[in-house]
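Peer 1: Provided herewith is a single structure, encoded as structure tokens, for subsequent inquiry.
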Amino acid sequence: MTSPTQSDRQHGEQTAPGADTDTAPTAALVFPAGFRWGAATAAYQIEGAVDEDGRGPSIWDTFCRTPGKVLNGDTGDVAVDHYHRFRDDVALMSELGLTAYRFSISWPRVQPDGSGPPNQAGLDFYRRLVDALLEAGIEPWPTLYHWDLPQALEDAGGWPERDTAFRFADYAGHVHAALGDRVTRWTTVNEPWCTAFLGYASGEHAPGRREPAAALRAAHHLLLGHGTAVRAMRAQHPGSRIGAAVNLYAVDPAGDGERDRDAARRIDGLQNRLFLDPLLRGSYPADVLADVESLDFASAVRDGDLETIGRSVDQLGINYYSVFTVTGDPEVTGQAASSPFSTHSPWVGSDFVGFVGTGRPVTGMGWEIDAGGLHRVLTRLHREYPPVDLYITENGAGYDESPGADGAVRDTSRVEYLDAHLRAAHAAITEGVPLRGYFVWSLLDNFEWSWGYSKRFGLVHVDYSTQRRVPKDSARWYAGVIRAGGLPDRS
Ligand code: IFM
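Read in order, the letters of the sequence shown correspond to residues 26 to 516 in the working numbering.
What follows is the structure in structure tokens.
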């Protein structure tokens with residue numbers, strides 16, 4: 026793969042899915058000028074070096090060492106050694122022609138115990154990374170929280186404790202003071218739904234707690250931490266552009282009946298609107314508050330909190346992977362029970378909610394593929410919420426894949442997935458949705474949380490025993506899309 030010039034990126038040619046970039050047609054579906062073409066990663070999933078330069082333990086270090094929590098007992102101790110190889114990884118980004126790179130900052134590298142003065146060695150690592158990106162002409166797009174809470178803060182109660190929101194804002198202020206002169210675009214929290222509900226309700230993620238009421242408090246404190254951090258950051262550098270990244274789903278009722286439609290309303294409420302409404306409207310959805318009344322969520326929300334959270338984003342990041350189809354009928358068979366909200370639970374009161382498989386193709390994660398769902402999510406946001414610039418901050422597909430005999434990874438399924446989702450994104454733009462950029466999850470194969478290293482999402486394959494990086498077919502395809510500034514017409 027050769028490195029495209031900026032002019033190539035805007036006017037060049039591009040490949041058909043899976044094909045070589047050199048003989049590709051010109052794009053017919055052209056994305057707007059200035060559209061960000063990126064890829065994303067997160068600190069614990071790629072950095073390794075968990076004991077170096079003063080980093081403290083995070084909840085994921087602890088969780089990985091708890092038997093039975095992570096597949097094969099895998100850990101992020103080494104991951105893909107990005108901490109030591111970041112310059113090579115920036116060179117790979119250049120070869121792809123990325124115009125932006127989304128990465129996360131490890132809180133326990135910056136504040137080993139989650140509070141107090143910053144660890145300069147931790148900040149220096151991110152300064153070196155940011156400078157390498159800027160030298161390569163790639164816009165750095167840091168995320169301040171991608172799930173690696175300092176263990177000391179979890180020992181003090183974690184996100185269900187209100188004080189954690191203020192610890193987060195303090196940490197964000199330190200990072201922003203160090204990098205705000207060279208970084209404009211920031212994401213505060215990544216997928217607060219996952220932290221709250223996988224971390225504190227289903228226990229599938231660190232810290233592995235199963236306390237529904239605590240999960241809801243965690244959700245509020247993540248949003249409060251976001252809003253408080255935004256205020257602190259704006260006071261330091263008014264020019265910063267700051268947002269949060271939420272994982273959204275299209276939620277469809279399995280049938281037309283009232284029970285299915287109400288089940289879909291509940292899940293849409295807990296999955297999407299619980300985060301979108303406070304961020305974009307400054308209020309929690311009344312129906313969700315009523316649904317979860319027994320969990321005493323309202324007592325976590327104090328006067329002034331929603332003013333702090335509301336209308337705090339300059340841009341909204343959307344992480345989109347799949348759809349949910351929901352039934353309220355316990356007799357329905359073929360249920361894909363994959364949510365903390367499945368079946369009878371405090372979330373749905375005495376009513377039943379089940380997640381139904383529709384027979385659509387799935388990725389290696391078992392997630393149904395529906396690019397139309399991305400279109401529905403984008404157009405719904407545009408239709409129902411106040412205007413805000415949107416970025417797809419994650420989209421991608423995980424498979425259990427390995428190189429062929431020739432060493433190449435022919436990841437046709439990933440190319441098809443990305444191609445379809447970019448077409449859906451383009452259609453939304455033509456309908457007026459202010460979508461300004463797209464980040465593939467992920468740049469590199471990496472540590473996929475409780476799945477360990479068994480699922481690969483990367484554009485670039487990593488041999489975990491040698492750390493050798495080999496761009497997959499999807500990397501070549503994406504480089505072609507970026508060079509062309511879009512996709513060929515399929516019709
Ligand atoms: O790997 C994760 C990432 O950390 C957050 N969003 C979803 C990805 C795939 O599961």
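Where a beta carbon is used, it is the ideal one built from N, C-alpha and C, also for glycine.
Since we're looking at a predicted model, the values are computed, not measured.
Over the uninterrupted alpha helix (DSSP H) stretch that includes residue 147, give me the two end residues.
Peer 2: Its alpha helix (DSSP H) spans residues 145–160.
Peer 1: When the Cα atoms are used, what is the spatial distance from residue 112 to residue 154?
Peer 2: One C-alpha to the other measures close to 8 Å.
Peer 1: Report all residues from its chain with a CB closer than 7 Å to the CB of residue 244; omit the five preceding and five following residues, and keep chain order.
Peer 2: Closer than 7 Å at Cβ, skipping near neighbours: 217, 221 and 299.
Peer 1: Nearest-angstrom Cα distance between residue 130 and residue 498?
Peer 2: Roughly 29 Å separates the two Cα atoms.
Peer 1: If you draw a straight line from the alpha carbon of residue 441 to that of residue 416, how long is it in whole angstroms?
Peer 2: Using only the alpha carbons, I get a separation of about 21 Å.
Peer 1: Can you tell me whether residue 170 is helix, strand or coil according to DSSP?
Peer 2: Looking at residue 170 - three-state DSSP - the assignment turns out to be strand.
Peer 1: Do three or more CB pairs link the region 442–462 to the region 486–497 at distances below 8 Å?
Peer 2: Touching, no, given that fewer than three Cβ pairs across the two stretches are closer than 8 Å.
Peer 1: If you follow the beta strand (DSSP E) that residue 340 is part of, which residue opens it and which one closes it?
Peer 2: Note, residue 340: beta strand (DSSP E), 340–344.
Peer 1: With a threshold of 7 Å on Cβ separation, who are the neighbours of residue 48 within its own chain once the five nearest residues in sequence on each side are excluded?
Peer 2: Legend: pLDDT at residue 48 = 43, less than 50; position of this residue unreliable, value from coordinates given subsequently. So the list is empty, once near-sequence residues are dropped.
Peer 1: Is the separation between the beta-carbon of residue 297 and that of residue 320 shorter than 8 Å?
Peer 2: Not closer than 8 Å, so no.
Peer 1: Does the CB of residue 203 have a neighbour CB from chain C at under 8 Å?
Peer 2: No chain C is part of this structure, which consists of one protein chain only.
Peer 1: As a quick exercise: from 366, 392 and 377, pick the residue whose alpha carbon is nearest that of residue 238.
Peer 2: That would be 366, whose Cα lies nearest to the Cα of residue 238.
Peer 1: Between which two residues does the beta strand (DSSP E) carrying residue 502 extend?
Peer 2: Residue 502 -> not in any beta strand (DSSP E); alpha helix (DSSP H) instead, spanning 498–509.
Peer 1: How big is the Cα-Cα spacing for residue 317 and residue 94?
Peer 2: Roughly 28 Å between the two C-alpha positions.
Peer 1: Would you say the beta carbon of residue 186 comes nearer than 7 Å to a heavy atom of ligand 1?
Peer 2: No, ligand 1 has no heavy atom inside 7 Å of this Cβ.
Peer 1: DSSP three-state call for residue 210: helix, strand or coil?
Peer 2: DSSP places residue 210 in strand when its eight states are reduced to three.
Peer 1: Considering only the beta carbon of each residue, do residue 278 and residue 291 sit closer than 8 Å?
Peer 2: No. Outside cutoff.
Peer 1: Measure from the alpha carbon of residue 125 to the alpha carbon of each residue in 146, 232, 54 and 164, then state which is nearest.
Peer 2: Among 146, 232, 54 and 164, the Cα nearest to that of residue 125 is on 164.
Peer 1: How many angstroms separate the CA atom of residue 312 from the CA atom of residue 293?
Peer 2: Between residue 312 and residue 293, the C-alpha separation is close to 11 Å.
Peer 1: Would the C-beta of residue 70 count as close to ligand 1, meaning under 7 Å from any of its heavy atoms?
Peer 2: Answer for residue 70: yes, Cβ within range of ligand 1.
Peer 1: Is there at least one non-hydrogen atom of ligand 1 closer than 7 Å to the beta-carbon of residue 67?
Peer 2: Within the cutoff, so yes.
Peer 1: Using a threshold of 8 Å, state whether the C-beta atoms of residue 393 and residue 348 are closer than that.
Peer 2: Yes.
Peer 1: Cutting at 7 Å between CB atoms, please list the residues of its own chain near residue 193, excluding the five before and the five after it.
Peer 2: Closer than 7 Å at Cβ, skipping near neighbours: 170, 250 and 254.
Peer 1: Hey, would you say residue 342 sits closer than 8 Å to residue 260, going by beta carbons?
Peer 2: No, these two residues do not count as a Cβ contact at 8 Å.
Peer 1: Does the pairing of the region 70–87 with the region 462–477 give three or more beta-carbon distances under 8 Å?
Peer 2: Taking 8 Å as the limit for Cβ pairs, the verdict is that the region 462–477 does touch the region 70–87.
Peer 1: Do you know offhand how far residue 61's Cα is from residue 162's?
Peer 2: Approximately 12 Å, taken between the alpha carbons.
Peer 1: Return the bridge partner residues of residue 63 from the DSSP annotation.
Peer 2: DSSP output for residue 63 lists 125 and 464 as bridge partner(s).
Peer 1: Given a cut-off of 8 Å on the beta-carbon distance, is the pair residue 144 and residue 477 in contact?
Peer 2: No.
Peer 1: Among 494, 410, 450 and 422, which has the Cα closest to the Cα of residue 397?
Peer 2: Comparing Cα positions, the closest option is 450.
Peer 1: Can you tell me whether residue 229 sits near ligand 1, meaning its C-beta is under 7 Å from at least one heavy atom of the ligand?
Peer 2: It does not: the Cβ of residue 229 is nowhere closer than 7 Å to a heavy atom of ligand 1.
Peer 1: How big is the Cα-Cα spacing for residue 248 and residue 189?
Peer 2: C-alpha separation (whole angstroms): 11 Å.
Peer 1: Starting from residue 486, trace the alpha helix (DSSP H) both ways and give me its first and last residue.
Peer 2: That residue, residue 486, is in no alpha helix (DSSP H); its beta strand (DSSP E) goes 485–488.
Peer 1: Can you name the residues that DSSP bridges to residue 360?
Peer 2: Bridge partners of residue 360: 381.
Peer 1: Helix, strand or coil for residue 175 per DSSP?
Peer 2: Three-state DSSP puts residue 175 in a strand.
Peer 1: Exposed or buried, residue 264, counting other C-beta atoms within 10 Å across all chains shown (16 or more means buried)?
Peer 2: Classification for residue 264: exposed.
Peer 1: From residue 127 to residue 462, what distance separates their C-alpha atoms?
Peer 2: Taking the straight line joining both Cα atoms gives about 11 Å.
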